[in-house]
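Final position of the sequence shown in the numbering used here is 417; the numbers increase by one with none missing.
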Amino acid sequence: MTATPSHGVSRRWRHIVSLCAVLALAAACGNPLRGGAEGGDDGRIVIGASDVGESLLLAEIYAGALRGAGADDVTVRPPVGGREVLVQALRDRSLTLAPDYSGNLLRHFDQDTSATTSAEVYRELPGALPEGLEVLDQSPAENTDMLVVRGDLAAQGVRTISDLAPRCDRLVFGGPGQWGERWRAEIRELYGCEFKEIRTTDTGGPVTVEALRSGEVQVANMFSTSASVYSNGFVPLDDDRDMFPAQNIVPLAAEGALSARERAALDRVSAALTTEKLTDLNVEFSERKRNPADIADEFLAQAGGR
Numbered sequence: 112m113t114a115t116p117s118h119g120v121s122r123r124w125r126h127i128v129s130l131c132a133v134l135a136l137a138a139a140c141g142n143p144l145r146g147g148a149e150g151g152d153d154g155r156i157v158i159g160a161s162d163v164g165e166s167l168l169l170a171e172i173y174a175g176a177l178r179g180a181g182a183d184d185v186t187v188r189p190p191v192g193g194r195e196v197l198v199q200a201l202r203d204r205s206l207t208l209a210p211d212y213s214g215n216l217l218r219h220f221d222q223d224t225s226a227t228t229s230a231e232v233y234r235e236l237p238g239a240l241p242e243g244l245e246v247l248d249q250s251p252a253e254n255t256d257m258l259v260v261r262g263d264l265a266a267q268g269v270r271t272i273s274d275l276a277p278r279c280d281r282l283v284f285g286g287p288g289q290w291g292e293r294w295r296a297e298i299r300e301l302y303g304c305e306f307k308e309i310r311t312t313d314t315g316g317p318v319t320v321e322a323l324r325s326g327e328v329q330v331a332n333m334f335s336t337s338a339s340v341y342s343n344g345f346v347p348l349d350d351d352r353d354m355f356p357a358q359n360i361v362p363l364a365a366e367g368a369l370s371a372r373e374r375a376a377l378d379r380v381s382a383a384l385t386t387e388k389l390t391d392l393n394v395e396f397s398e399r400k401r402n403p404a405d406i407a408d409e410f411l412a413q414a415g416g417r
């Protein structure tokens with residue numbers, strides 16, 4: 112993060128101090144270099160994104176909302192990596208804010224949680240976060256894991272994971288490398304499903320899509336806002352025993368780094384996002400290859416966040 116030039120800081124500081132003195136409210140004004148009125152440690156807001164395309168799209172939406180709320184120094188950093196990297200950057204305050212997913216975020220800090228519903232996950236989340244981090248209001252929009260199959264298998268009466276379970280030993284599953292470690296025991300215990308083979312493809316991306324389309328795998332792990340699910344005619348299976356936790360979109364922030372006005376702007380944006388709307392935005396981004404900042408501007412104009 113580039114330091115603010117010292118002469119600019121001095122002029123700004125003298126102005127703030129003078130104003131506080133005139134109004135006899137010095138205690139209430141606060142130091143603009145320490146957050147509060149300016150929203151960040153030096154007035155800057157730096158938003159991070161993971162290496163998933165949707166995360167970058169959400170970061171641009173947050174940035175536009177904050178600019179609309181009066182923040183004049185907002186930067187979206189290019190994708191910086193996975194959750195571990197984002198969390199560390201937020202804790203050392205090289206980042207101010209990042210979009211995340213409630214269920215995975217909770218399990219990152221509390222692997223023993225049994226919370227699965229949206230309300231349960233969000234209720235437990237603040238208490239699981241380490242010092243220096245906070246979450247804002249969660250959105251009704253979710254991007255949760257789901258198992259998907261091709262239409263021909265769905266047409267045989269496979270519409271839920273319970274329907275799938277008796278066939279699992281004859282089916283090859285495709286998903287990210289950590290899927291077996293994370294979910295193999297749970298799907299066996301909860302549904303009695305043991306796949307013939309668990310094959311590493313990718314995280315709901317083009318490798319997974321092609322493997323399912325070609326029949327190389329018959330079941331795949333994808334995500335509820337993925338444009339590829341619907342454009343390829345894949346059928347999501349109902350997780351009828353709630354194996355996967357809720358994954359509501361939630362802003363994760365460095366504690367105290369945002370002003371009340373900035374927090375309110377982000378809360379309004381979160382409330383306006385739905386799973387259906389987020390899926391549509393992902394189509395614009397991943398299928399039509401549009402600039403994420405342009406997509407964010409259009410969404411915010413429609414949602415009244417500009």
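Yeah, the Cβ is synthetic: ideal placement off N, Cα and C, and Gly gets one too.
- Taken through DSSP and simplified to helix, strand or coil, F355 comes out as coil.
- The C-alpha of R293 lies about 27 Å from the C-alpha of A364.
- Where N402 is concerned, there is no enclosing alpha helix (DSSP H), because DSSP gives it neither an H nor an E.
- Counting only the Cα atoms, D350 lies some 11 Å from L275.
- Per DSSP, the continuous alpha helix (DSSP H) segment holding P237 begins and ends at 229 to 239.
- P210 sits in a strand when the DSSP states are folded into three classes.
- In the DSSP assignment, T255 falls outside any beta strand (DSSP E), carrying neither H nor E.
- Scanning its chain for C-beta atoms nearer than 8 Å, with the 5 sequence neighbours on each side dropped, one finds around E297 the residues M354, in chain order.
- Assignment of R310 by DSSP, reduced to helix, strand and coil, places it in the strand class.
- Contact between V157 and Q249 is ruled out by a C-beta separation of about 22 Å, above the 8 Å threshold.
- Burial check for P241: the Cβ neighbour count within 10 Å stays below 16, so the residue is exposed.
- Per DSSP, the continuous beta strand (DSSP E) segment holding L244 begins and ends at 244 to 246.
- When the five nearest sequence neighbours on each side are left out, the beta carbons in the same chain lying within less than 7 Å of the beta carbon of L264 are those of Q329, in order along the chain.
- Judged by DSSP in its simplified three-state form, P277 adopts helix.
- Cα atoms of F220 and R204: separation of roughly 19 Å, rounded to the nearest angstrom.
- Beta-bridge partners assigned by DSSP to A364: L208, E245.
- For E300, the closest alpha carbon among the candidates P317, G286, I272 is that of I272.
- Taking all protein chains shown into account, S225 has fewer than 16 neighbouring C-beta atoms within 10 Å of its C-beta and is therefore exposed.
- By the Cβ-count criterion, P356 is buried, with 16 or more other Cβ atoms from all chains shown falling within 10 Å of its own Cβ.
- The C-beta of S325 has fewer than 16 other C-beta atoms within 10 Å across all chains shown, which makes the residue exposed.
- Rounded to whole angstroms, the Cβ separation of M257 and P317 is 18 Å, and the two are not in contact under 8 Å.
- Taking a cut-off of 8 Å for Cβ pairs, the segment 330 to 343 and the segment 202 to 217 do not touch, as fewer than three such pairs fall below it.
- In this structure, the CA atom of V320 is about 42 Å from the CA atom of S370.
- With distances taken between CA atoms, Y173 lies nearest to T186 out of D162, G164, V163, T186.
- A266 is classed as exposed because its beta carbon has fewer than 16 other beta carbons within 10 Å across all chains shown.
- Taking 8 Å as the upper bound for CB-CB distance, V283 and R310 are in contact here, some 6 Å apart.
- The beta carbon of C304 sits closer than 6 Å to those of A276, C279, I298, all from its chain and outside the five residues before and after it, given in chain order.
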